[in-house]
Amino acid sequence: MSDADTPEDTAPTLAEKTAAARASLRERDGALVAFSGGVDSAVVAALARDALGDDAVACTAKSETLPAEELDDARRVAEEIGIRHEVVEFSELDNPDFVENDGDRCYHCRTMRLGRMYDAARERGIETVCDGTNASDPGEGHRPGLRAVEELEVFSPLLAHDISKKEVREIADDYGLSVAEKPSMACLSSRIPTGLEVTEERLSRVEKAERAVRQWGFSQFRVRDHDGLARIEIAREELEAALDPDFAAAVRERLSELGFDHVTLDLHGYQTGSVSPAAEADAEDGADGDAAESADDEPLVEDVFASEYPTK
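This note's numbering puts the last residue of the sequence shown at 305; the count rises by one with no breaks.
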């Protein structure tokens, strides 16, 4: 056969990649999935449940950086999948390297979180720990959390079978998962600028502030804590609603009650990693990540907020 007659190599279809990921899980005696309830970990949990049945466990790590609503959502999604769900607890604040909040904060967090997952797996007689790292993640710039995944030899079936973030959402849709289009949600520490210590007080007021914003119906947003100045970022398609004077007055009053000295609305809109460049994507799910920020430096607060409401 001449070269001209040689069939061209064809890339595997998404169905083939999904089947291969499921088969690779089936080779394991069991698997514990690091589970946030986001779309990436939910798809891995669904594949593991199909492949291993009751030998698959979804495990969520509860800590100060996980919003209570996200833990509730993880429980709901695990029930939706039909996988056994366990919750373990730990505190990133026990680690001074994490509290310091340098450029490797996500590495320290992921190392602790996945270490706790391995502890939980051993307690249950399971050797394999899986996470939701997908094929889009490694090319998204500086991702220190992925270094922890590699060092601890976590099995990432989506990455191993070249399944991208877009394809993850397609698989989730095929499974009928309610999180198929869920916006990414980074841990609460991503709201605190690099170099400013992560404290329980700051995490708590950010969580309560975002709960207040969510009650107004916004879906994609962040409340950044610049040491007492709250900078609210809202997705551009929702930004017009954020300019409502009633919302401005209500959110200013609520956030001042939480201890913020000033409340601002950023007219640039929602941007991943705008206080910790590239780290917010790493903070998601153990890999439920937004696309990593480009190599932009952290913006100065006075350059990005549009409207300031002093409360003192």
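Glycine is no exception: its CB is placed at the ideal position from the N, C-alpha and C atoms.
The bridge partners DSSP lists for residue 219 are 222.
C-alpha of residue 7 to C-alpha of residue 103: approximately 29 Å in a straight line. Assignment of beta-bridge partners to residue 55 by DSSP yields 82. For residue 152, there is no enclosing beta strand (DSSP E); the enclosing alpha helix (DSSP H) has its first and last residue at 150 to 153. If you compare the alpha carbons of 213, 182, 171 and 105 with that of residue 142, the shortest gap goes to 105. In this structure, the beta-carbon distance from residue 76 to residue 54 does not fall below 8 Å.
Taking a C-beta distance under 8 Å as the contact criterion, residue 121 and residue 21 qualify as a contact pair. Going by DSSP, residue 99 is part of the alpha helix (DSSP H) stretching over 98 to 116. Between residue 216 and the set 195, 93, 11 and 239, the nearest pair of CA atoms involves 195.
In the structure shown, residue 136 falls within a coil segment according to DSSP collapsed to helix, strand and coil.
Taking one beta carbon from each stretch, the segment 22 to 37 and the segment 168 to 175 have 3 or more pairs nearer than 8 Å; the two touch. Distances from the alpha-carbon of residue 13 to those of 3, 40, 32 and 31 put 40 closest. Residue 209 and residue 260 have their C-alpha atoms spaced approximately 18 Å apart. Counting along the chain, the unbroken beta strand (DSSP E) around residue 258 starts and ends at 255 to 259. Following the DSSP letters along the chain, one finds residue 92 inside the alpha helix (DSSP H) bounded by residues 89 to 93.
For residue 25, the three-state secondary structure derived from DSSP is strand. If you check the CB distance, residue 191 and residue 197 do not come in under 8 Å. Spanning the alpha carbons of residue 69 and residue 205 requires a straight line of approximately 22 Å.
Straight through space, the alpha carbons of residue 150 and residue 43 are spaced by roughly 14 Å. Residue 11 has its alpha-carbon roughly 17 Å from the corresponding atom of residue 24. Beta-bridge pairing by DSSP links residue 49 to 24. Of the residues 164, 91, 248 and 113, the one whose Cα lies closest to the Cα of residue 137 is 91. Closest in C-alpha terms to residue 178, from the list 107, 32, 158 and 222, comes 32. For the pair residue 52 and residue 79, the Cα-to-Cα distance works out to about 5 Å. With 16 or more other Cβ atoms from the protein chains shown falling within 10 Å of its own Cβ, residue 202 counts as buried. Residue 61 is positioned such that its CB atom lies no closer than 8 Å to that of residue 29. Look at the segment 176 to 244 and you find these whole runs of beta strand (DSSP E), each 3 residues long or longer: 214 to 219 and 222 to 227. Spatial neighbours of residue 148 in its own chain (CB-CB distance under 6 Å, excluding positions within 5 residues in sequence) are listed in chain order as 121 and 123.
The Cβ-Cβ distance between residue 257 and residue 224 falls below 8 Å. Each of 199, 237 and 247 was checked against the Cα of residue 59, and the nearest Cα belongs to 199.
Sixteen is the threshold: when 16 or more other Cβ atoms of the shown chains lie within 10 Å of the Cβ of residue 129, as they do, the residue is buried.
Taking the Cα positions, residue 83 is about 6 Å away from residue 56.
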